[in-house]
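Some notes on the structure that comes next.
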Amino acid sequence: MSLKITFRRLELPTRPLEEKEYDVVVIGGGPAGVAAAIYAARYMLDAILVTKEKGGQLNKIGYVENYPGILKIMGPELIDRLYEHLAKYKVPVVLDEVIDVKREENKFNVITASDRVFKTETVILALGVVKRKLGVPGEEEFLGRGVSYCAPCDAPLFKDKVVAVVGGGDSAASASLLLAEYARKVYVIHRRSRFRAQPYYIRQMELNPKIEFIFNSNVAEIGGTKTVEWVKIKETGRKIFVNGVFIEIGADPPAEFFRKIGVETDGKGYVKVSKDQSTNIPGIFAAGDCTNAAGAFKQIVVAAAQGAIAADSAYRYIIKEFR
Ligand SMILES: Cc1cc2nc3c(=O)[nH]c(=O)nc-3n(C[C@H](O)[C@H](O)[C@H](O)COP(=O)(O)OP(=O)(O)OC[C@H]3O[C@@H](n4cnc5c(N)ncnc54)[C@H](O)[C@@H]3O)c2cc1C
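Following this line, the structure appears as structure tokens:
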């Protein structure tokens, strides 16, 4: 089997990518998907990565300071490093949205929004999560005019301005610390009486004189004229005058997609995986934030580790060597 795989990897890429047959199609190009693709390539599997965009949530991170071996790096810079690493193994990266995965005999057809079909023996789902919306008046209206879901993208626009971050987890903490480097003042509005973020983050926020916490508060409305001017707190009716609002209240997995392709999910829509990252469908594996394995601890290092395990399991599935 390994000989056949080696031979296929040495073929020159003369045909369109979708005319080939793959050992593994990785769906999702965040840390989990990239790690899976790197490991698959190192097992000499014929792999391809299909993703809507490179890097996933790393695009939205300010500084990453907890990835072993890298002291401090901006999220987008870490994406460059990941894809540089992947390029070394010559795994093709296709920028497209996967809309379906259909089983055909003992293979899968991975179908994209632009009608491409990739035939493969195994699939690794690494679709991550999608940011949650607040669902309050003004959120849609002021999107791009003060409302943002991406601090690293928009923080420089708020130099010497006043902003609010809504949320209490790691994402909210990361966003508020980055924003404090630009803004004059950062309010962190959280619906509970304490943060869920890692204690290191909380300490950094507490030490930052520009950051002020507003606990036990939900945002009821975002208002302004041309751009955001205020947020209104539901419990007190207080208007906080801000130029921008960054919404960091968590994220959900693409449960509808998982239902469509038939992988089993938990009550919240995360793919149920075993220790080896296998799903209920033989040949389909899953890794990263979109699985129930990460639990509440959704981190880059965890996603990458699960991607590596998923690739190892896909390899063992292909060579029929089960642990
Ligand atoms: C603001 C913020 C700060 C954070 N800070 C840190 C931190 O400091 N340290 C840390 O360890 N973690 C941090 N995290 C968490 C970390 O980013 C995630 O745990 C990690 O990115 C998960 O990786 P993933 O590959 O599972 O998913 P994602 O990063 O979400 O990637 C999923 C990928 O799948 C693609 N995709 C989705 N659906 C489809 C489809 N149908 N077809 C094709 N492609 C698809 C997406 O486009 C995306 O590229 C932070 C997260 C946020 C939002």
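Residue numbering for the sequence shown is -9 to 313, as defined by our numbering.
Glycine included, C-beta positions come from ideal geometry on N, C-alpha and C.
This structure is a prediction, so every number in the text was calculated from the model and none was measured.
Considering only DSSP beta bridges, list what residue i is partnered with.
| i | result |
| --- | --- |
| Asn49 | Paired residue(s): none; Asn49 is not in a bridge. |
| Leu133 | Val137 |
| Asn99 | Lys92 and Lys109 |
| Lys11 | At residue 11 the sequence reads Glu, which differs from the Lys that was named. For Glu11, which the question treats as bridged, DSSP gives the partners Lys109. |
| Phe205 | The partner list for Phe205 (beta bridge, DSSP) is empty, contrary to what the question assumes. |
| Thr281 | Val261 |
| Ile271 | Answer is none; Ile271 lacks a bridge partner. |
| Ile60 | DSSP lists no partner for Ile60. |
| Lys121 | Ala241 |
| Lys229 | Lys222 |
Closest by CA to residue i, which one among the options?
| i | options | result |
| --- | --- | --- |
| Tyr172 | Leu147, Glu196, Ala163 and Val156 | Leu147 |
| Ile204 | Gly213, Gln194, Lys97 and Val176 | Val176 |
| Pro21 | Lys121, Asn56, Glu8 and Tyr73 | Tyr73 |
| Leu68 | Leu167, Ile290 and Gly214 | Ile290 |
| Phe248 | Gly213, Asp144 and Asp90 | Asp90 |
| Ala154 | Arg193, Ser303, Glu202 and Ala103 | Glu202 |
| Gly46 | Val40, Pro58 and Gly19 | Gly19 |
| Asp36 | Thr112, Glu94 and Lys92 | Thr112 |
| Arg135 | Thr226, Ile309, His180 and Gly234 | Gly234 |
| Phe108 | Glu129, Val84, Val263 and Val24 | Val84 |
| Leu169 | Phe185, Arg182 and Lys151 | Lys151 |
| Lys229 | Ile212, Ile239, Phe236 and Ala241 | Ile212 |
| Ile334 | Lys265, Thr281, Asp144 and Ile274 | The first residue shown for the chain is -9 and the last is 313, placing residue 334 beyond what the model contains. |
| Ala301 | Ile114, Asn208 and Val156 | Ile114 |
Using the three-state DSSP reduction, which class does residue i fall into: helix, strand or coil?
| i | result |
| --- | --- |
| Val253 | coil |
| Ala154 | strand |
| Glu211 | strand |
| Gly234 | strand |
| Ser303 | helix |
| Ser161 | helix |
| Leu0 | Residue placement at Leu0 is poorly supported in this model, since its pLDDT is 49, which falls under 50; the coordinates still yield a value, given next. Correct three-state label for Leu0: coil. |
| Val83 | strand |
| Leu115 | strand |
| Leu39 | strand |
| Ile239 | coil |
| Ile309 | coil |
| Val126 | coil |
| Ile290 | helix |
| Lys(-6) | Note on Lys(-6): pLDDT 46, under 50, position unreliable in the model; no value is reported. |
Please confirm whether residue i has its beta-carbon closer than 7 Å to some beta-carbon of chain D.
| i | result |
| --- | --- |
| Val83 | Going by chain labels, chain D is absent from the structure shown, which holds only one protein chain. |
Between which two residues does the alpha helix (DSSP H) containing residue i stretch?
| i | result |
| --- | --- |
| Ala31 | Pro21 to Arg32 |
| Ile69 | Gly65 to Lys78 |
So residue i is in the beta strand (DSSP E); what residue range does that whole segment cover?
| i | result |
| --- | --- |
| Tyr177 | Lys175 to Ile179 |
| Ile274 | Ile274 to Ala276 |
| Glu196 | Unbroken run through Glu196 is the alpha helix (DSSP H), Pro189 to Leu197; no beta strand (DSSP E). |
| Val261 | Run containing Val261: none; DSSP gives neither H nor E here. |
| Ile223 | Val218 to Ile223 |
Quick check: is any heavy atom of ligand 3 less than 6 Å from the C-beta of residue i?
| i | result |
| --- | --- |
| Ser164 | You won't find ligand 3 in this model; what it holds is ligand 1. |
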